[in-house]
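So the structure is just underneath, and the comments pick up after that.
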Amino acid sequence: MKLLNSMFIYPFMISGLSFGLSVSAIAADYIAEEATEQLEGNYTQQQLAKLYLENLDLPEDSRKPYEWFAIRGYAPAQFMLGLQAYDPINKIKWYQIAADNGHTSAIANLAYIYYAGKYGVPQDYAKAFKLYKTLADTDDMQAQYQLGEMYYHGAGTPQSYSQAFTYYQKAADNEKMEAQYTKMYAEYSLGLMYYSGLGVAQDYKKAFHIFEKLAAQGDTDAEYNLGVMYDRGLGVTQDKIKAKEWFEIAASRESYTGLGKTHAEYRLGKMYFEGIDVVQDYDVALSWFKKAASNSYFLGRGEMSKGHLLTQYQLGDMYYDGIGVTQDYTQAFKWYEQAAKNRYRSTVDGSWSKGSERAQYLIALMYYKGLGVNKDKAMAKEWLEVSCDNDYQASCDYLQKLSK
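Quick note: the sequence shown uses the numbering used here, first residue 3, plus one each step.
Following this line, the structure appears as structure tokens:
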């Protein structure tokens, strides 16, 4: 869940469109209603505009309702021109004009375009940040949360955990009802910050209460976190039985990001593999590990993790050493390679790994010795270099040995 949200499409943009309605039909009442307040009672113009927008039988040369309003400075029409435009230049032009006139949906869409680098526009976090800040100052919950994310990751602004905490809190305290999932994301982020002590004094009890509240709403990541906190006795009396129960609850659910579910599957596998608070059972451990290793989940910024890195590495060890399974170097190589190529994002500080550096080292050795894969010294050297670049000292030492 700890990710930059690039999915902000405001409600007006999508309402109706998914049901096959024309943009003109959707816009009719919207434009006419908002324009009514601005036209200062000019009844004839109001009615004419509504006729245009309802696609009634009017002369061809008069079918320009949006332009008619837009050139007279009415932001809702300017926004609609941007929304309808297929040409990226015109789309951005009209969004910018509407945004300059204070139209919040235009500001939001323009911010998203710069944030995600859409429509051929170069990605520009600084411009996106400025636009989201404008929205956040109007008490917009989604923009408040987005600013929290951008401060947290240092996107478009210097990284500031304290500022991130401030904007997460604003979003969490926001009483608007139309973006309750955003509110949950903000609350979850606050829980992580209390847990880690980033941007605020570390407080396990506050973190626990936040996760407990979210878990009651079915948040899989929060359920997993409760399992961790019960397991370690952080913010709550240690209770291994409850820890296992929460891991099982999280593992049994579907999850939007997959993180809580997949982490829980890994933890359950680890418990049965090592016999921690349960009777050791390699078959059950293998079952949980394979579930976690096969899950794919969103990491943010449009990226997808293909399975749980730690679990893939664990499966590699099991097959390499023949623990709980028949020794199989081919299977070991398969799982080590997946772990070596996988990317992983910390749920606490948002940092990214470039795959398991030890798995990268091990597949280098397997290439070098021809275990589970055809012997290939060039590939072995390449993977040693990758692992060394990831600061795995054994790989650096091996490279130095080979160079002598």
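Even for Gly, the Cβ is constructed at its ideal location relative to N, Cα and C.
By Cβ distance, which residues of its chain are closer than 6 Å to residue i, with the 5 residues on each side in sequence left out?
i	result
Ala145	Tyr134, Leu137 and Ala138
Glu359	Ser389, Asn392 and Tyr394
Leu404	none
Lys172	Gln146
Phe249	Gly229, Ala266, Arg269 and Leu270
Asn111	Tyr97
Ala366	Ala382, Trp385 and Leu386
Glu247	none
Ala396	Tyr363
Measure the alpha-carbon distance for residue i versus residue j and round it to whole angstroms.
i	j	result
Gly193	Val388	35 Å
Ala79	Ala166	35 Å
Phe300	His310	Confidence at Phe300 is low in this model, with a pLDDT of 46, below 50, so the placement of that residue should be treated as unreliable; the coordinate-derived value is given next. Cα to Cα, the separation comes out at about 11 Å.
Lys293	Glu267	7 Å
Tyr226	Ala295	17 Å
Lys242	Ala130	45 Å
Glu214	Ala100	42 Å
Gly158	Leu149	10 Å
Leu85	Lys132	21 Å
Leu270	His211	23 Å
Gln314	Gln340	7 Å
Ala245	Gly262	14 Å
Asp102	Lys95	11 Å
Tyr400	Asp205	44 Å
Gly357	Leu312	10 Å
Lys377	Gln362	16 Å
Val123	Met195	33 Å
Val286	Thr264	16 Å
Val327	Gly374	16 Å
Gln98	Glu151	24 Å
Lys379	Tyr370	5 Å
Asn92	Leu83	8 Å
Glu384	Lys336	17 Å
Asp89	Lys120	12 Å
Glu256	Asn297	11 Å
Gly318	Lys343	13 Å
Leu386	Asn176	50 Å
Met320	Ala174	44 Å
Glu168	Ser254	Contrary to the premise, residue 168 reads as Thr rather than Glu in this sequence. Those two C-alpha atoms are separated by around 34 Å.
Tyr183	Met381	46 Å
Leu19	Phe81	Model confidence at Leu19 stands at a pLDDT of 28, short of 50, so the residue's coordinates are unreliable; what they give is reported in the following sentence. If I take the Cα positions, the gap works out to 16 Å.
Lys272	Gly324	16 Å
Ser107	Ala118	16 Å
Ala181	Ala128	24 Å
Glu35	Thr140	Legend: pLDDT at Glu35 = 48, less than 50; position of this residue unreliable, value from coordinates given subsequently. Each residue's Cα considered, the two are about 22 Å apart.
Tyr425	Met368	The requested residue 425 does not occur in the structure, where the chain is confined to residues 3 to 406.
Ser198	Gly235	15 Å
Leu50	Tyr153	Low confidence applies to Leu50: its pLDDT is 48, below 50, so where it sits in the model is not reliable, and the reading given next is rough at best. Near 47 Å, if we compare the C-alpha coordinates of Tyr153 and Leu50.
Gln316	Glu276	12 Å
Glu402	Ile278	A quick correction: the sequence has Gln, not Glu, at residue 402. For Gln402 and Ile278, the distance between alpha carbons rounds to 40 Å.
Short of 8 Å in beta carbon distance, which residues of its chain neighbour residue i, apart from the five on each side in sequence? Order them along the chain.
i	result
Tyr322	Gln329, Tyr331, Ala334, Tyr338 and Leu364
Ser164	Gly201 and Val202
Measure how close the beta-carbons of residue i and residue j come, nearest whole angstrom, since I'm counting them as under 8 Å.
i	j	result
Asp223	Tyr190	6 Å
Ala87	Gly104	No, Ala87 and Gly104 are not in contact; Cβ-Cβ is about 20 Å, not under 8 Å.
Tyr114	Asp126	Contact flag wrong, Cβ pair sits at about 12 Å.
Lys185	Met143	7 Å
Gly237	Ala209	6 Å
Tyr232	Gln240	7 Å
Can a CB atom of chain C be found closer than 8 Å to the CB of residue i?
i	result
Ala224	No chain C is part of this structure, which consists of one protein chain only.
Who are the near neighbours of residue i in its chain, counting only those whose CB is closer than 7 Å to its CB and skipping five residues on each side?
i	result
Ile109	Ala101, Leu133, Thr136 and Leu137
Tyr274	Val280, Gln282, Asp283, Val286, Ala287 and Trp290
Lys178	Met143
Ala252	Thr222, Glu225, Tyr226, Gly229, Gly262, Lys263 and Ala266
Gly75	Asn103
Cys398	Cys390
Ala27	With a pLDDT of only 40 at Ala27, under 50, the local geometry of the prediction cannot be trusted, and no value is derived from it.
Could you check whether the Cβ of residue i sits closer than 7 Å to any heavy atom belonging to the ligand ADP?
i	result
Cys390	As far as ligands go, the structure on display features none, and thus does not contain the ligand ADP.
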